[in-house]
Amino acid sequence: MNAINAKVSEMIENFKKDDWKKNLLKLQSVIGLILICVVLAILTPRFLTVSNLFNVLRQTSLNAIMAVGLTFVILTGGIDLSVGSVLAFSGVSAATAAEMGLPAPMAIFVGLVAGSALGFFNGIVITKGKVPPFIATLAMMTMARGGALVVSDGRPLSGLGEGFHFIGRGMVGAVPVPVILTLIIFIVAYYILTQTRTGRYIYATGSNEEAAKLTGINTDRIKLFAYTLSGFTAALSAMIIISRLGSAPPTAGDGAELDAIAAVVIGGTSLAGGIGSVFGTFIGATIIGVLNNGLNLLNVSSYYQLVVRGAVILVAVLLDRKKAD
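So the sequence shown is numbered by full-length UniProt numbering: it starts at 1 and just counts up by one.
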């Protein structure tokens, strides 16, 4: 085991030679966020109000939490296109449990287990079935969305009960509960990636899977963990959404995977795997949240907002390609 750890550390040191590139990309993201905030503050005085900034954090929390799970997946060299549909299925599962009379904590647990199970299934199909992640998660995207529509009969499920309100609408002092949950998730994810053997193995798997296997790392188990976590974070986002809405629509999360992937890439995580951080993902998710909020304050048409978001994703991918070169 010591030999494996030593070899993994050596592999990590090899790609740490490019640390200046990663740090530069992080700096670009932070500078970009600052510039966007400055421009929006000039264009609309409402942007820098305390209430609006808390609103930005609350809105960003949904995408940020999902993006954490996707960060783990992409670091292993994979992709998960199913998170939006998993979100919908998890929300409908929790709402169905609530309608059956389960108390809110148990219904939330059902939703989290449902999302984690779908993520685990993705991992099994990819690692044991040898199906490419793009195809496997694309299939799950369709199946989970269909499952949500079947379970809900195509209608939003309501009657969640008062116990659901806290996770999406509650406050601890002046801080919204979703913001606190986001911080907890990011702190735990940061600890896993930087302070644990699992984190080292995740980077090693994404950097060079074959070399990682030769050192004795069970890369299938690492991928299984990453996809299960991705399902869990999608489910947690679902709990926040249905709490906020007071119902669980089967159409929730439609297109959410694009924003989550964009947050990861904007934050500097390489689509090729092996390079990235949850800190960068947090910056990426915040950039998207600030852009959405600012464009709404400026009364920009939703059609133009799609163009802007697409352009941001394109720039992020181009930066990723430049880094790879």
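All C-beta atoms, glycine included, are put in the ideal place defined by N, C-alpha and C. As the structure is a computational prediction, the values presented were derived from the model and not from experiment.
Counting only runs of 4+ residues fully inside the stretch 79-150, write out the alpha helix (DSSP H) ranges in chain order.
83-99 and 104-127
Pick from Leu-245, Gly-284, Pro-132 and Ser-301: whose alpha carbon is nearest that of Ile-313?
Gly-284
Would you kindly report the start and end of the unbroken alpha helix (DSSP H) that includes Pro-178?
177-195
According to DSSP, is Ala-248 part of a helix, a strand, or is it coil?
strand
Inter-residue spacing [alpha-carbon to alpha-carbon] between Ala-316 and Ala-88:
27 Å
Relative to the C-alpha of Ala-248, which residue among Phe-282, Ser-237 and Leu-229 is closest?
Ser-237
Suppose the cutoff is 7 Å on Cβ atoms and the five residues either side in sequence are ignored; what does the same chain contact list for Ile-79 look like?
Val-73, Pro-133, Phe-134 and Thr-137
What is the rounded straight-line gap between the Cα of Val-278 and the Cα of Thr-269?
9 Å
Quick one: is the Cβ of Phe-186 within less than 7 Å of any heavy atom of the ligand SAH?
Because no ligand of any kind appears in the structure shown, any question about the ligand SAH cannot be addressed here.
With three or more C-beta pairs closer than 8 Å as the rule, is the stretch 87-102 touching the stretch 147-157?
yes
For Ser-90, count neighbouring C-beta atoms within 10 Å of its own C-beta (all shown protein chains included) and say buried if the count is 16 or more, exposed if not.
buried
State the start and end residues of the unbroken alpha helix (DSSP H) segment that holds Phe-279.
278-297
Just list the residues that DSSP pairs Val-172 with in beta bridges.
Val-175
Could you give the DSSP three-state label for Phe-15: helix, strand or coil?
Per-residue confidence for Phe-15 stands at a pLDDT of 46, beneath the threshold of 50, marking its modelled position as unreliable; no derived number is given.
Using the three-state DSSP reduction, which class does Leu-160 fall into: helix, strand or coil?
coil
Cα-Cα separation between Glu-162 and Ile-185, rounded to whole angstroms
24 Å
If you count every other CB in all the chains shown that lies within 10 Å of the CB of Arg-58, and 16 or more means buried, which is it?
buried
Give a yes or no on whether the C-beta atoms belonging to Ala-142 and Gly-273 are separated by under 8 Å.
Per the sequence shown, residue 142 should be read as Thr rather than Ala. No, the Cβ-Cβ distance between Thr-142 and Gly-273 is not below 8 Å.
Spatial neighbours of Ala-226 within its chain, please: CB distance less than 6 Å, with the 5 preceding and 5 following residues excluded, ordered by chain position.
Phe-72, Val-73 and Thr-76
For Val-125, which residues of its own chain have a beta-carbon under 7 Å away from its beta-carbon, when the five flanking residues on both sides are left out?
Val-131 and Ala-136
Using only alpha-carbon positions, find the residue among Ile-287, Leu-298 and Ser-302 that is nearest to Ile-34.
Ile-287
Opening and closing residue of the alpha helix (DSSP H) in which Gly-69 lies
50-75
Three-state secondary structure (DSSP) of Val-307
helix
Lys-223: buried (16+ other C-beta within 10 angstroms of its C-beta) or exposed?
buried
Residue of Gly-294, Ser-301 and Val-110 minimising C-alpha distance to Leu-48
Gly-294
Rounded to whole angstroms, what's the CA-CA distance from Thr-205 to Tyr-191? Just pull it up for me.
18 Å
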